[in-house]
Structure formats: C-alpha cells, structure tokens
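Below is one structure, written out as structure tokens; the observations come after it.
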Amino acid sequence: MGKKSGARAKASAIDLAKHNEDWNDNMSTTSSCTTFTTCAENFCETDKIDLFSSALDELFEKRGATREKALQALVGFLREDIREEECVKNETTMVSRCLNGVRKGSNTEAVLSAQLLALHMITLPEPSERLFRELQGDLQRAAASGKPWEVRCAAIECLAMCCFVAAEDDSCTLEVMERCRALWKTGEAKVRACSVRAWSFLATSLNTLLSAPTVESVMCDVATLLHDADVDVRNAAGELAALLCDVCGVGALLADAEARSEGASEEGLSEDGGEEGEEAAGGDSAASKGLGGLEGVVGRMRDLATGHKADRLRRNKREKAALRSTFRSVLAVVEDGCAAVTKVKLQHGDVLVVDTVRGGVMLGAFRRALGGGFQLHLQHNGLLHDVFEFTPSSTRPERLTALEKRAFKSPNSAASRAKTHERKGDRAAKANRHAMHAHGDHHDHW
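To convert a position in the sequence shown, counted from 1, into this note's numbering, add 1490.
Right, here's the structure in full:
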C-alpha cells in the first residue's frame, strides 16, 4: 500500500510539472506573438517612411525612367494615405523637383509631376497663396504651350486645383479663369473640354456672383461649344451651363436681358437723337445678342437631350446614350431646378449626399485628382470636410440588435416606407417632364 501511494504521489508531481511547463510555454508563445505583432506594425510604419524618403531621393536621379518610377510611387502614397508630416517636411524638395519635371521632363514625367503637385496641395494642412504664386507661372506656360494634350490637361487640372485650394482673393481666381477660357476655342478637343471643366470648378469657389454681362458672354461661348464635334466638349459645356443656371438662374437672366433691351429701345426712340440714339442702338444689339445666346443655349440643350436633329455626325449607340443622359440631367437643372443626387458611402456607415450642381462639379474635380483614394481622403482630410461641409464619424457605430433591425431596416419600417414614397414621387415627376418634352416636340413639329 505504501509503495502504491508513493507511486501515485510521484505521478501527480510529474503531471503538475508538465502542466506548469505547458502553461509557461503558452505564456511565452502569447507574449512572443504580441511582441511580434507590435514590432511588425512599427516596422511597416518605418518601412513606409523609408519608401517615401527613398522615392524623394530618386527624383534627383539623371535617368528619366527612375524619376518617373519615383513620381508614380509618390502619387500612389499621397492617394492611398494622408501624409501631412512628410509633405510639410519635404515641401521645398517636392515642389522644386515637380516644377523641374513639368518644365524639362518627358511627357510622362510632366504628367506625373503635375498630378503630384495637385495631391501635395490637397494634403497640406495649411496651403498658402505664396506657394500657388510660385507654381502658377510654370503651370500656365505648360497649359498653353505646344506640348501633347496629356501634359496640357494635367497642367490645367493642377492649376485649377492649386488655385481652388490656395487662392485667397477672387481676383486671383478670376485671372486663372480667364487663362482657362482662352483655351476654349483652340487646340485639341481634350484640352478644350478640360479647360471648360477647370473654369466651372473655379467658378464654384468665388465669393461673389459673376456679373450679368459676364454670364451672358460666357453663355454665348457655351452656345458655340454645344455645337462642337467632340462629345466630351459638349458634355463639359452642358455642365457649365447647368452651373451658371443654378447659381444665377436662367429666368432672371432672360428677364434682365429683356428689360435692358426694352430700355435701350426706348432710349433709341427718344427725341435726343444723334450720338445718344447710336449708343442706345448699340446697347439694344448687345442685349439682343445676350438674350439670343441664352435662348440658343436652352434650345440646343433640349435638342441634345432628346436627340432630335442634335448631331449630324455618325456616332455609336454608347456615345449617343451618354450624350442624351448628360443633357437630360442638365436640362432638368435649367428648366426645373432639379439637380442629380450623388451619394458616397464611407467606411463607418456615413453617407455624403451631394444634391446641388455646385457640389457635383466639386465632387467630380476631387474624384479626378484623388482617383481611388477619394473615399479615404473624404474620411480623414480636413480640406474635403470644409469643402463639402461634412464631418464623418471616426468610429464605427454599434451594431443593431435583431429587434432594432426589424424596426428600422425592414420593408415595413417607417424609414423604408418614406423612401418608397419619395421614389414614387421622383418617378412621377420624371414621367411628367418627359411628357412635357414630348408634347413640346410634337407642338414644334406641327
């Protein structure tokens, strides 16, 4: 009996020792995993900084292919992450090397340099007008020079974005807008369309409204652009017309032009005669020209929206459908004041709703500049928060219980019913607009 008890005690002691060894091994493994994870995160962060710094160093290489590869890497870094500290720390280096690429680099290097400058300006926490003045001259020369259209378009988009972000005075913005407007009627179709969109984008940043004569003059140019052979130019011109109509109102402009036309006619028929009559006749013709330009724009957009005698050139079905879709939405803004609604969903469930023409123009410009990183910048970049007056939540909301989902997310909930009712109203309004357009076309035909 004593031997058996001793054997059992010895076996228990051995098992306890093995259990302690296993527990110590598990704790060591857990501690090692935690330490490894922390070290891996720190290593990844350090590795990102090292890659950014090495890409900046490669901008000084003599070989053009190396510089292009470094520019492409930096563009990807600024689109995929918010790197304010690196941009502020290396601002002088980045700006000088990008301007050198725009002036002297190859076509690919010049395009990437312009894109990097725009992303750098978007990322900076406090961009200054002094920095924009430093960039303005080289970008304007690149936009107006005889370089390929890819370089000119990249320079125009960069110039507009830098002016939008950094310009503090309307006079500076108007100066850049005039530069863009000078490119509307010359050069390749891509350059003309890009310059029209840049003008529209900058018009959204003005603190004061444009004067009626300026709007009428721009509308006359828009009427000419709506007859352009390129579809992209027509779409850009239609978006510009919708923006001006949304901000100033076509009805108000038409009424103002008619009032000035009647006033000029009365002055021309007065007994003063002579020089005053000639001046009044000149004012009458100018007002009639502005009135005709506005009416011509609306009529041309109606033709492009319906496809009735809109284009004498042969186009494929996709281009025709895109043209009709664009100008139907534009015509809805011009005639009914109804802008298309765009929704952007973010990672924590927040939704940015853009339901104005002005917001749509800004949204398109930032999407073209940021590419696939637009949602990340919209989540974390303070500039976009100020532009769209939207502050997303920084943490994910708590998950709903089954009862809450049934109350708020089911088809029978009050929110779903209100949404269904709103969609029915939108469909009915759209059907009424189409019926009115069809009736107008039938009346014009007879």
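Glycine residues also receive a C-beta, built at the ideal position from the N, C-alpha and C atoms. Source: prediction; values computed, not measured.
> To which residues of the same chain is M1667 closer than 6 Å at the C-beta, ignoring the five residues directly before and after it?
Replying inline: W1689, L1692
> Any contact of the stretch 1676-1688 with the stretch 1697-1709, i.e. 3+ C-beta pairs under 8 Å?
Replying inline: Verdict: no, contact absent.
> Do you know offhand how far K1637's Cα is from H1838's?
Replying inline: C-alpha separation (whole angstroms): 44 Å.
> Where does T1816 land, buried or exposed, given buried means 16+ other C-beta within 10 angstroms?
Replying inline: buried
> Can you round the beta-carbon distance between L1716 and V1847 to whole angstroms, since I take them to be within the 8 Å contact cut?
Replying inline: No, L1716 and V1847 are not in contact; Cβ-Cβ is about 17 Å, not under 8 Å.
> Under the DSSP definition of a beta bridge, which residues are partnered with K1680?
Replying inline: In DSSP, K1680 forms no bridge with anything.
> Is M1611 near C1652, with beta carbons less than 7 Å apart?
Replying inline: A contact, by the Cβ cut-off of 7 Å.
> To which residues does DSSP link L1842 through a beta bridge?
Replying inline: Its beta-bridge partners are V1834.
> What is the DSSP secondary structure of L1625, counted as helix, strand or coil?
Replying inline: helix
> Counting Cβ pairs, one atom from each stretch, are 3 or more of them under 8 Å apart for the stretch 1854-1862 and the stretch 1894-1902?
Replying inline: no
> Should V1601 be labelled buried (16 or more other beta-carbon atoms within 10 Å of its own) or exposed?
Replying inline: buried
> Can you tell me where the alpha helix (DSSP H) with R1557 in it begins and where it stops?
Replying inline: 1554-1570
> Going by the CB atoms, is the gap between L1836 and P1882 shorter than 7 Å?
Replying inline: yes
>> If I measure Cβ to Cβ from M1584 and keep anything under 6 Å in the same chain, skipping five residues before and after, which residues do I get?
In response: H1610, listed in sequence order.
> Which class does N1482 belong to by DSSP, given the choice of helix, strand or coil?
Replying inline: Outside the shown range of the chain, which is 1491 to 1936, sits residue 1482, and nothing can be said about it.
>> On the DSSP letters alone, give me the boundaries of the alpha helix (DSSP H) that H1717 sits inside.
In response: Looking at the DSSP string, H1717 is not in any alpha helix (DSSP H), and its letter there is neither H nor E.
>> the ligand PLP and P1703: does any heavy atom of the ligand fall closer than 6 Å to the residue's C-beta?
In response: Ligands displayed in this structure: none; no statement on the ligand PLP is therefore possible.
> Between V1655 and L1873, which are expected to be in contact by the criterion C-beta below 8 Å, what is the C-beta distance as a whole number of angstroms?
Replying inline: 7 Å
>> Taking only three categories from DSSP, how would you classify A1811?
In response: It is helical.
> Taking the Cβ atom as the reference point for each residue, do C1648 and C1684 lie within a distance shorter than 7 Å?
Replying inline: no
>> For the stretch 1587-1607 against the stretch 1549-1561, do three or more pairs of beta-carbon atoms, one drawn from each stretch, fall closer than 8 Å, so that the two count as touching?
In response: yes
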